[in-house]
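Residue 1064 in our numbering is what sits at position 84 of the first sequence, and the numbering runs on without skipping anything. Beneath this line is the structure, given in structure tokens, with notes to follow.
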Amino acid sequence: MSKEITSRSENYSQWYNDLVLKSELADYSAVRGCMIIKPYGYALWENMHAALDKMFKDTGHVNAYFPLFVPKSLFEAEEANAEGFAKECAVVTHYRLKADANNKGKLIVDPDAKLEEELVVRPTSEAIIWSTYKNWIQSYRDLPILINQWANVVRWEMRTRLFLRTAEFLWQEGHTAHGTKDEAIFEARQMLDVYADFVENFMAVPVIKGTKTANERFAGAEETYCIEALMQDGKALQAGTSHFLGQNFAKAFDVKFTDKNNKLDYVWATSWGVSTRLIGALVMAHSDDDGLILPPKIAPLQVVIIPIYKNDEQKNQITQKVNEIIKELKALNIRVKYDDNDNVRPGWKFAEYEMKGVPLRLTLGSRDLDNNVIEVARRDTKEKSTISLTTIVESVKDLLYQIQQNIFERAKEFQRLHITKVENWDEFINVLDNKTGFVSAHWDGTSETEEKIKELSKATIRCIPFDAVEEQGKCILTGKPSNKRVLFARAY
RNA sequence: CGGGAGGUAGUUCAGCCCGGUAGAAUACCUGGUUUGGGACCAGGGGGUCGCAGGUUCGAAUCCUGUCCUCCCGACCA
């Protein structure tokens, strides 16, 4: 395998692809648009999964699991939702294969095994879950229902990209039912905060919280809240969404409850999800031409230790010392690996672990052992320093913390430098074409204008930020009045 | 679904225009020397040239069809 990856500045897409493949996060599969998540990528996902799952449970949620298949009649019950997803659904029509009489050793779909009702492979689970909630909810005493599921979903997209848009992907989807509108809105906002907290504090990717415009809203939602992240090529990426679904699904699936006053009403709903797409965001937000840069909190490996020796005696001395260090690091729950593989040389290992984004590398040689020191190399800054063996464990702990902070600060600064206020159309296009990033501009609030801007510039309104300040201005396209700025960007 | 590029060893690719013994690098295996930034020497194994037809004495190479992948668009809750 070629060792070099494409440069970030030359071809960002190619660089991203190379990186995902060569860092062994994932691979292409034989199935169109699908992806194989390799053990290293899955270990990363497991760490993300664990952190998120804890946050969900800390906010009162429980996990459950619902079926992969959705009968078509259920799927079509909520019209807006069904219509939104209809053109990207995989559909099961038969339940059996049989030997092909004309072609020995081959199989054909058995025409006699046609399903009476087609099954849609879930692109999202609202339909199947709400048809279930109908049976679970009668009284306000049954509410709220705060359920999350970890699952795979299938969306037959025209064009796919590793992690960012695959035909099948892993995600979590929360589906909650509430007795009041306010409680449901609170839930949707709370979960958006959970996502922002996770993405910023674990993944070290800064995000902007806001509301989607009607055009960009989830099919079937009253309001969609989102977190938007910025990639190093200046394009935006939707990192997570949380929807206030109103009573749309309750009405579509006839989910009513009796309140304290013995009054019958439809329940209020939310749904929220993040997916393996976050891994794509992580890669594109931090990595450089030498490979991945992973934040310590979720890196599968936080520290790698590489020995340098000339003979078995030296190796044994080093290994003995390393084992002491590992024992202490493990006691602090630090994920550490000692790579004493004799088949590859140190230089090879250095490059390999840099490609994989391991935050800290310790190198211990006989020379160091004599001086009671060890070499420490940071992945984020590529700085190398020599540290006393006596305090190494404390130093590692400190450095991991510093790396986590530094990666976030760096990305935050990049984001700050790439939010540009513009006042007119020429500036708008100029920033999108040359500077890239988010563009903060006035918009007249209509779907038509939004659509027109998208057509002319390929930029979409990423969100109406929660912290947008009241300010009089004129729409960059129509000149009509506007009272706050929204964030535009070209996006993935 | 439109435009472009491609499918040959595990991987990256050359060979194709102009038909005639299946190639390189890298990876892998064996032995040895090495080991502080992707080592070196010697030897070795590995391929239905995407698939199906056709032309030809002969096809990786030419023709037709087909499937798949990547890139750029369109689509993307």
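Beta carbons: idealized from backbone N, C-alpha and C, even for Gly.
Neighbourhood of Phe1055 by C-beta, 6 Å cutoff - its chain only, sequence neighbours within 5 removed: Ala1062, Val1100, Ala1107
Residue nearest to Pro1047 in terms of C-alpha spacing, selected from Ile1109, Gly1013, Thr1073: Ile1109
Strand pairing of Arg1465, partner residues [DSSP]: His1422
Proximity of Ile1479 and Phe1418 at Cβ, strictly below 8 Å: The structure shown does not extend to residue 1479, since the chain is modelled only from 981 to 1472, so the question has no answer here.
C-alpha gap between Tyr1333 and Tyr1020, whole angstroms: 12 Å
Cβ-based burial, Glu1153 [other Cβ within 10 Å; buried from 16]: buried
Asn1043 burial status per 10 Å Cβ neighbour count (16 or more: buried): exposed
CB of Leu1457 within 8 Å of CB of Lys1438, strictly: no
Residues of its chain near Tyr992, where Cβ-Cβ distance is below 7 Å and the 5 sequence neighbours each way are ignored: Asp1213
Inter-residue spacing [alpha-carbon to alpha-carbon] between Tyr1205 and Glu1304: 49 Å
At least 3 beta-carbon pairs within less than 8 Å: the segment 1240-1247 vs the segment 1356-1369: no
Selection from Phe1166, Thr1256, Gly1190 that minimises the alpha carbon distance to Leu1005: Thr1256
Nearest neighbour of Leu1122, chosen from Ala1157, Ala1311, Leu1144 [CA to CA]: In the sequence under discussion, the amino acid at residue 1122 is Asp, which differs from the Leu named in the question. Here the closest residue by C-alpha is Ala1157.
Spatial distance of Leu1312 from Pro1275 (CA atoms): 17 Å
Cβ shell of Thr1533 (< 7 Å), same chain only, five flanking positions each side left out: Because the chain spans 981 through 1472 in this model, residue 1533 falls outside it and cannot be assessed.
Simplified DSSP state of His1029, which is helix, strand or coil: helix
Phe1446, buried or exposed, once every other Cβ within 10 Å from all chains shown has been counted against 16: exposed
Exposure of Lys1192, with buried meaning 16 or more beta-carbon neighbours within 10 Å: buried
Status (buried if at least 16 other CB within 10 Å, exposed otherwise) for His1074: exposed
Gln1294 versus Gln1300 - alpha carbon distance: 10 Å
Pairwise C-alpha distance: Trp1136 and Lys1067: 8 Å
Cβ-based burial, Gln1282 [other Cβ within 10 Å; buried from 16]: buried
Cβ-based burial, Thr1370 [other Cβ within 10 Å; buried from 16]: exposed
Glu1119 vs Thr1238 beta-carbon contact at 8 Å: Contrary to the premise, residue 1119 reads as Ser rather than Glu in this sequence. Yes, the Cβ-Cβ distance between Ser1119 and Thr1238 is below 8 Å.
Range covered by the beta strand (DSSP E) that runs through Ala1131: 1125-1134
Cutoff 8 Å; reference Val1376; Cβ partners in own chain excluding five residues on either side: Val1283, Leu1309, Ile1314, Leu1340, Leu1342, Val1356
CA nearest to the CA of Ala1230, picked from Asp1268, Gly1260, Lys1114: Lys1114
Buried or exposed (CB count within 10 angstroms, at least 16 for buried), Pro1280: buried
Cross-strand partners of Gly1271 (DSSP beta bridge): Asp1268
Proximity winner among Phe1182, Ser1111, Val1402, relative to Lys1034 (alpha-carbon distances): Phe1182
As assigned by DSSP and simplified to three states, the class of Gly1021: helix
Short Cβ contact (8 Å threshold) for Leu1344 with Val1302: yes
Own chain residues within Cβ distance below 6 Å of Glu1098, not counting five before or after: Lys1052, Val1071, Thr1073
First through last residue of the alpha helix (DSSP H) which encompasses Asp998: 992-1002
Three-state class that DSSP yields for Lys1215 in the structure shown: coil
Alpha helix (DSSP H) segment containing Ser1375, residue limits: 1372-1397
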